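Here the structure comes first, spelled out in structure tokens, and everything after it is commentary.
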Amino acid sequence: GALAAGESPRHGFAEACDAVADLRVPTIAVLGGSVHGGGTDLAMSCDFRIAADQIVLAMPAARIGLQYYATGLQRFVDRIGPAATKRIFLTGETISTAELLRIGYLTEVVSSTELEARIDELSAAIAQLAPGAVSATQAAIDQLAGPDPDLAAVQAGHLASLRSNEHRDAMASLRKRR
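Start counting the sequence shown at 418; every next residue gets the next number (our numbering).
Listed below in structure tokens is the structure:
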């Protein structure tokens, strides 16, 4: 049934998208087909959004009488800005792949026949990096892009990485190769 005023679901879709956005490993939304409604936010919750050409996006929330939930709207505003967010949410228009790439909703567009290979390539590139540095850098970027950036916390993370075993081991490995 309907929720009472001020009530929100305990483990609803918003919490699932927030949990994906909070993961400290890079996430990739693979969009082989068009994305509508909540799927637009699930994809936005990921670090990368790789799409096959010819997909479209449509957000019908206002058409069905909903103001979208706060963390979802915040995610859109943080990642693509208020103008593009308004275009998606206040028009209900179907938006093309080219426009989604232009406004920054999509990270990359490839042909549908190349999609699986590109995801494998991107995943392999990420997997070759130092996991602690990837996680810390991901958190730092999210911190800086959020509503209340904390440059001192990001710098503290950098300094901690300089002292990490991961960095020390990687530098020793580079020296051995020379």
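C-beta atoms are modelled at their ideal positions from N, C-alpha and C, and glycine is treated no differently. Remember, it's a predicted structure, so these values are computed and weren't measured experimentally.
- DSSP, reduced to helix, strand and coil, places isoleucine 558 within a helical segment of the structure shown.
- Taking all protein chains in view, the Cβ of proline 443 is crowded by 16 or more other Cβ atoms within 10 Å, so the residue is classified as buried.
- Val452 is the residue among Val452, Ala547 and Arg492 whose C-alpha sits nearest the C-alpha of proline 477.
- In terms of Cβ geometry, alanine 446 and aspartate 495 do not form a close pair [threshold 8 Å].
- In this structure, DSSP gives valine 571 a helical state, which the three-state scheme calls helix.
- By the Cβ test, the stretch 523-537 is not in contact with the stretch 552-571, since fewer than three Cβ pairs between them sit closer than 8 Å.
- The straight-line gap separating the alpha-carbon atoms of proline 548 and isoleucine 481 is approximately 42 Å.
- Looking only at Ser529, Thr530 and His584, the smallest Cα-Cα distance to alanine 550 is reached by His584.
- Shown here, valine 527 sits in a strand according to DSSP, grouped into three states.
- In terms of Cβ geometry, serine 462 and arginine 492 form a close pair [threshold 8 Å].
- With fewer than 16 other beta carbons inside 10 angstroms of its own, leucine 507 counts as exposed.
- For alanine 534, there is no enclosing beta strand (DSSP E); the enclosing alpha helix (DSSP H) has its first and last residue at 532-544.
- If you look at isoleucine 520, you'll find it isn't in any alpha helix (DSSP H); DSSP assigns it neither H nor E.
- The beta carbon of glutamine 560 sits closer than 7 Å to those of Pro566, Asp567, Ala570 and Val571, all from its chain and outside the five residues before and after it, given in chain order.
- Under the DSSP assignment, isoleucine 472 falls outside any alpha helix (DSSP H); it carries neither an H nor an E label.
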